[in-house]
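Trainee: Here our numbering is used: position 387 in the sequence shown is 387, and no number is missing along the way.
Pasting in a structure now, in structure tokens, and then I'll have a few things to ask.
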Amino acid sequence: MKLPIYKFRPVSGAEWGSGGIFGLKYHMGVLYFTLSFDAKAYFFRDDTFRRYDFDLVGPEPRSGGDTYNAVEVVDNKIFFGGWVHSPVRYKVMDKYLTIDFSNKYSHLHQYDVYEDRVTLLWKESTGLENEWVGEVSSITYDPVNDGLLISRADGSRSLGVFRFNLREEKMELVSDKPSLKSSIMSDSVCFDVSIGINGIYGIQCLDLIRNSWSFRWFSDDLKDISVDGEGVLRPIQVGSIASAYGRLFIFVRGGVIVWDPSEEVGNDLHFVRLYDFCRKDYGPVRTNHVVVGGGIVIPFNAYPHGILRIVKDELKWIAKNINYIPVSTNLLYITPPNVRVLTSLGARITSVEHIGSELVLGANTMANLGIYDATPFDVGERELLFLNIDSILTTNPPSTTIKVLGSVVGNNAWGGIPINNYRKATLHMKTSKDNKLKIYEYDLGLPPTLHNVDLIDVKVGKNSVDLSNYNNLISFKFEVEDPNAEVYIILKN
């Protein structure tokens with residue numbers, strides 16, 4: 001697909017760090033996305049485009065837009081949501097510039113493909129300096145009641161699941177349990193239950209026929225449902241939810257939770273560790289998935305969040321963990337029981353869409369930053385990247401290196417590395433003490449299966465382990481924490 005513009009340099013868009021290209025959706029010949037933090041929505045068709053600057057929300061200067069991929073299509077309409085500062089207001093906190101939330105609005109818009117026209121359907125704000133209403137992070141069409149079901153968990157107030165009545169253009173609360181994402185599952189729409197920064201604690205499903213709710217709750221560390229038998233550290237942030245193979249796939253920091261509603265409670269939930277680096281928020285965060293050939297394509301991002309200005313002692317440890325980059329962003333293809341790496345990319349992929357023979361990715365060089373990192377402009381280099389689907393499905397990914405710090409993983413389970421489409425896999429360790437390393441081998445089958453658990457002796461100094469005889473997914477755990485350890489996994493093709 002040829003576009004007249006596909007690169008976006010840093011320009012005015014006051015926020016923390018960088019937003020990105022969100023909400024990519026191709027519908028009836030129109031490619032839509034929102035450019036955050038610039039607060040600009042684009043609608044491309046043929047060789048032309050319309051740009052909407054969110055002027056219906058309020059006056060300039062504006063910033064924001066969407067950072068969760070809140071978009072849905074129904075007939076000739078594209079519905080998109082998120083949040084916008086209009087106008088932007090600054091304040092000083094601890095001698096540093098930051099953002100005032102007084103004019104931060106959550107919003108829902110409609111674009112009519114036939115009329116090439118944008119309409120503001122709804123907006124809401126607290127009007128308070130330090131609080132904001134829940135951002136619109138997911139939109140799913142309810143065909144039974146002709147409404148939009150909306151997830152809202154990122155905020156101080158107005159959190160939960162809401163229904164926007166398209167006939168009456170009214171927003172109503174239908175569940176007070178905060179949610180970031182949703183997906184249709186049989187005759188229901190299922191949502192996560194996410195509480196604050198700690199992430200997901202369960203699933204809530206709305207039966208569209210009976211208008212009734214059901215819930216499935218998780219343990220704190222997911223150990224009881226983990227395929228490798230080990231827990232996962234919080235936060236467990238939700239990135240995207242997909243419905244496929246008659247199951248629900250909830251992609252989170254640390255891996256994917258698979259729910260099979262046809263199984264009895266106790267056998268219905270499985271946590272499959274994928275690229276889990278414990279205190280590092282590597283994973284499918286602030287991105288979305290897309291279906292290709294009946295499978296699920298989803299990015300696992302290297303740098304979704306960061307902190308540059310460390311103005312308080314308690315931020316030092318957090319910044320060290322989330323600023324650490326263990327491996328490139330990886331684009332994964334989930335076709336149970338297999339997980340494949342399609343390609344490796346830069347800092348993060350904020351959105352992905354499937355158009356004909358191409359995948360369209362929204363790429364960014366910068367993360368969302370911390371509260372003391374406010375600037376009057378977006379600091380990321382954002383671009384649209386087009387990949388040929390036939391090529392990435394039929395070729396192996398490039399060779400890659402994974403660097404794991406003992407100080408970040410401790411004696412927790414980590415990894416969940418797909419190694420099937422690499423010719424050679426080797427693990428090198430530099431350790432400061434004698435230790436033991438567990439290696440778990442498992443798959444993402446339906447249901448998933450743990451195949452082997454090996455225990456490797458580790459001597460102080462340099463160690464090497466040939467991983468080429470393992471298949472599917474492998475995770476690891478040191479018996480004793482070694483903060484000085486450095487582990488390198490070399491994957492070659």
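Cβ atoms here follow ideal geometry from the backbone N, Cα and C, with glycine treated the same way.
It should be emphasised that the depicted structure is a prediction, and the values quoted were computed from it without experimental measurement.
Roughly how many whole angstroms lie between the Cα atoms of Ile392 and Tyr333?
Mentor: In a straight line, the C-alpha of Ile392 is about 10 Å away from that of Tyr333.
Trainee: Pro418 to Asn321, Cα distance in whole Å?
Mentor: If you take the alpha carbons of Pro418 and Asn321, they lie about 23 Å apart.
Trainee: If Val460 sits next to Asp434, beta carbons under 8 Å apart, how far is it from one beta carbon to the other, in whole angstroms?
Mentor: Between Asp434 and Val460 the Cβ distance is about 6 Å, and since that is below 8 Å, they are a contact.
Trainee: Would you tell me roughly how many angstroms separate the C-alpha atoms of Val408 and Arg279, rounded to the nearest one?
Mentor: If you take the alpha carbons of Val408 and Arg279, they lie about 6 Å apart.
Trainee: So is Ile209 buried or exposed if we call it buried at 16+ other beta carbons inside 10 Å?
Mentor: Exposed, since its Cβ has fewer than 16 Cβ neighbours within 10 Å.
Trainee: With distances taken Cα to Cα, identify the nearest neighbour of Lys492 among Ile456, Leu473, Leu427 and Leu455.
Mentor: The shortest C-alpha separation from Lys492 is found at Leu427.
Trainee: Within its chain, find whatever has a CB closer than 6 Å to the CB of Leu508; leave out the 5 residues flanking it on each side and keep chain order.
Mentor: Only positions 1 to 493 of the chain appear in the structure, and residue 508 is not among them; the question remains open.
Trainee: Compute the beta-carbon to beta-carbon distance between Leu173 and Phe162, rounded to the nearest angstrom, for a pair I have assumed lies under 8 Å.
Mentor: About 6 Å separates the two Cβ atoms, so the contact holds.
Trainee: Distance, Cα to Cα, Lys316 vs Asp281?
Mentor: Approximately 16 Å, taken between the alpha carbons.
Trainee: Taking DSSP as the reference, what is the three-state secondary structure of Ile200?
Mentor: Strand.
Trainee: Under three-state DSSP, which class holds Val408?
Mentor: Three-state result, Val408: helix.
Trainee: What runs of the beta strand (DSSP E), each 3 residues or longer, lie entirely inside the region 220 to 295?
Mentor: Entirely contained in the region 220 to 295, the beta strand (DSSP E) runs reaching 3 residues are, in chain order, 238 to 244, 247 to 252, 255 to 259, 269 to 273 and 290 to 292.
Trainee: Select from Gly147, Pro87 and Ile298 the residue whose C-alpha is nearest the C-alpha of His354.
Mentor: It is Ile298 whose Cα lies nearest to the Cα of His354.
Trainee: When you compare each of Gly160, Asn145 and Lys177 to Glu168 by their alpha carbons, which one comes out closest?
Mentor: The shortest Cα separation from Glu168 among Gly160, Asn145 and Lys177 belongs to Asn145.
Trainee: Determine the closest residue to Lys104 out of Lys95, Arg89 and Asp116, with distance taken between C-alpha atoms.
Mentor: Among Lys95, Arg89 and Asp116, the Cα nearest to that of Lys104 belongs to Arg89.
Trainee: State the DSSP-derived secondary structure class of Trp317, mapped to helix, strand or coil.
Mentor: Note: Trp317 maps to helix in three-state DSSP.
Trainee: Skipping 5 residues on each side, what residues in its chain have a beta carbon closer than 7 Å to that of Lys7?
Mentor: For Lys7, where only same-chain residues beyond five positions count, the Cβ hits under 7 Å are Glu383.
Trainee: His270 to Asp154, Cα distance in whole Å?
Mentor: Answer to the nearest angstrom: the Cα atoms are 26 Å apart.
Trainee: Give the range of the beta strand (DSSP E) segment to which Asp192 is assigned.
Mentor: It spans Ser188 to Ile195 - the beta strand (DSSP E) in which Asp192 sits, taken as one unbroken run.
Trainee: Can you name the start and end residues of the beta strand (DSSP E) that Asp457 belongs to?
Mentor: Asp457 -> beta strand (DSSP E) spans Leu450 to Val458.
Trainee: Helix or strand or just coil, what does DSSP make of Thr67?
Mentor: Residue state, collapsed to three classes: coil.
Trainee: Going by alpha carbons, who is nearest to Lys91 out of Gly246, Pro61 and Asn130?
Mentor: It is Asn130 whose Cα lies nearest to the Cα of Lys91.
Trainee: Determine the contact status of Ile236 and Val252, defining contact as a CB-CB distance below 8 Å.
Mentor: Going by C-beta atoms, Ile236 is nearer than 8 Å to Val252.
Trainee: Using three-state DSSP, classify Ser391 as helix, strand or coil.
Mentor: Helix at Ser391.
Trainee: Residues bridged to Val360 by DSSP?
Mentor: Val360 pairs with Glu353 and Phe386.
Trainee: Skipping 5 residues on each side, what residues in its chain have a beta carbon closer than 8 Å to that of Pro448?
Mentor: Excluding sequence neighbours, Pro448 sits near Val227, Val258, His270, Val272, Pro337 and Tyr442.
Trainee: Rounding to the nearest angstrom, what Cα-Cα distance links Asn267 and Leu446 in this structure?
Mentor: Roughly 11 Å separates the two Cα atoms.
Trainee: Whose CA, out of Lys312, Ile225, Ile5 and Glu381, lies closest to the CA of Gly17?
Mentor: Looking at the Cα atoms, Glu381 is the closest of the given residues.
Trainee: What does the Cβ neighbour count give for Lys247, buried or exposed, with the cut at 16 atoms within 10 Å?
Mentor: Residue identity check: residue 247 is Arg in the sequence provided, not Lys. Its Cβ being crowded by 16 or more others within 10 Å, Arg247 is buried.
Trainee: Thr395: which of Leu405, Leu108, Val113 and Val341 sits nearest, CA to CA?
Mentor: Selected option, being the one with the closest Cα: Val341.
Trainee: Between which residues of its own chain and Pro61 is the CB-CB distance below 6 Å, once the five residues before and five after are set aside?
Mentor: Within the same chain, Pro61 has close Cβ partners Pro87 and Val88.
Trainee: Could you spell out the range, first to last residue, of the beta strand (DSSP E) harbouring Gly19?
Mentor: Unbroken run through Gly19: none, as it is neither H nor E.
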